[in-house]
Each structure stands twice: as C-alpha cells, then as structure tokens.
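These notes concern the structure reproduced below.
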Amino acid sequence: MMKKVITAVAAILLLGGYFWVNSYTKKLDEKELKIETLKKEVAKLTLENNNQESSVEESKEITTGETAVNEDFENFITDFINGMYDYNSNAERNENIKTLVTTDYYDLLKQYDSSTTSISKLKDVYFYKLTNDSQAIVRVKYTYAIGEAKPNEFDLLVTLKVVKDSSGGYQVETQQNESIQYQTQQKVW
9 MMKKVITAVA
19 AILLLGGYFW
29 VNSYTKKLDE
39 KELKIETLKK
49 EVAKLTLENN
59 NQESSVEESK
69 EITTGETAVN
79 EDFENFITDF
89 INGMYDYNSN
99 AERNENIKTL
109 VTTDYYDLLK
119 QYDSSTTSIS
129 KLKDVYFYKL
139 TNDSQAIVRV
149 KYTYAIGEAK
159 PNEFDLLVTL
169 KVVKDSSGGY
179 QVETQQNESI
189 QYQTQQKVW
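The working numbering numbers the first residue of the sequence shown as 9 and each following residue consecutively.
Right, here's the structure in full:
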C-alpha cells in the first residue's frame, strides 16, 4: 500500500514538474520572440535616426523619409514650402505661391495682405510622408518677424492636401499646421 502511495506521489511530482517546465519554456519562447521583435524595431529606429541627423541648422536642405517618391511631386512641395515660409512681405508670399494653390486657398491667403513688413525665413524642412501625389506631411522650421521686432522661431508639422489642376499640375488645396512645442525643465536648488 505504501508503495502505491509513493508511486502516486512520484507520478504527481513528475507530472507537476513537466507542466511547470512546459509553461516556463512557453514563457521563455514568448520572451525570446519579443526580444527579437524589439531588436528589429531598435534597428529600424536607429536607421531613421541616422537619416534625421544629417540636417544642418540654418540650411535649406530638403530631406525625405521615403525614397520611392514622384520627383515632380517632391519638387512641387519644396517650391510651395519655400514660397510659403521664405519671404519679405505677405504680398511677396502670395505672389510666390499664386500658381501653387487652388483659387479658393489663394483667395483666403489674399485676405492677409498688409502693408506691415513681415519677414519669414525658412531654416529647415523634412518630409515625413508623401502619399500618392495627393498628401504631404512636412516638418517646417522657420523664423518670423513683424516690422523691426526680434524674429520668433517656429517648428510646425504641416499637412498638405494636393490636387491636380486642369493642366495636370499640382496645387495645394488645404493646409493644416500643428505647432511643435518643446518643454524646458528648470532645476531649482
């Protein structure tokens, strides 16, 4: 009788150990898979980071996050951004982009013509996404000053919806700007 009890206890211990080791092995496999996924993600982010490090302050160097982009579309977006954010007056800006925007959008911009001197200087541009010749998401860094005031720096995420006109050329139909703000920390002792 004692032999049966000892055999039963041994069998229970062996089966319990088997299930414990089996569940531990499954958890280990899941963690190894997760580690591999994270390694791939780190490699991807490192590559993206290396692509972004090449921008130089005060340069108008245009970079893109995608390589298979229609060159005409990319050139159009570059011309629009230069015209929209590099000017010495609102009238100059409006003249620069007159053919690059739809009539409705141009009429909206003309409302902001003024005799006050406003100066905008483009510092840096980075293309985040160019989609099917119809949308562009671009990061724009520029300075803007009114009159003799000290220029303020701006960092925007600009989303452009682009359409083709009757001649097949591109025109910006809508523009949405989102300000990128930085938080600064101050140490108090």
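Note that CB positions come from ideal geometry on N, CA and C, so glycine has one too.
For clarity, every value in this text was computed on a predicted model and none was experimentally measured.
DSSP, read as helix, strand or coil, puts Lys169 in strand.
Counting only runs of 4 or more residues that sit fully inside the region 78-159, the alpha helix (DSSP H) segments are 79-93, 98-105 and 111-118, in chain order. DSSP lists Leu164 as the bridge partner or partners of Ser187.
Measuring C-alpha to C-alpha distances from Glu161 to each of Lys131, Gly177 and Gln183 identifies Lys131 as the nearest. Distance from the Cα of Leu108 is smallest, within the candidate group Lys169, Gly24 and Met10, for Lys169.
Annotation: Glu181 to Tyr113 spans about 6 angstroms, alpha carbon to alpha carbon.
Relative to Gln119, the option among Ala99, Val166 and Tyr134 whose CA is nearest is Ala99.
In this structure, the alpha-carbon of Lys129 lies about 18 angstroms from that of Phe135.
Buried is the label assigned to Leu138, since at least 16 other Cβ atoms lie within 10 Å of its Cβ. The alpha-carbon of Lys158 is positioned some 13 angstroms away from that of Tyr150. The residue among Ala144, Leu117, Ala19 and Leu164 with its C-alpha nearest the C-alpha of Ser97 is Leu117.
For the 8 angstroms CB-CB criterion, Val133 and Ile105 do not form a contact. In this structure, Gln189 is the residue among Thr125, Ser175 and Gln189 with its C-alpha nearest to the C-alpha of Leu164. Bridge partners of Thr182 according to DSSP: Lys169. Val166 is a Cβ neighbour of Asn185, given a cutoff of 8 angstroms. For Asp115, there are no CB contacts under 8 angstroms within the same chain when 5 residues up- and downstream are skipped. Assignment of Ser31 by DSSP, reduced to helix, strand and coil, places it in the helix class.
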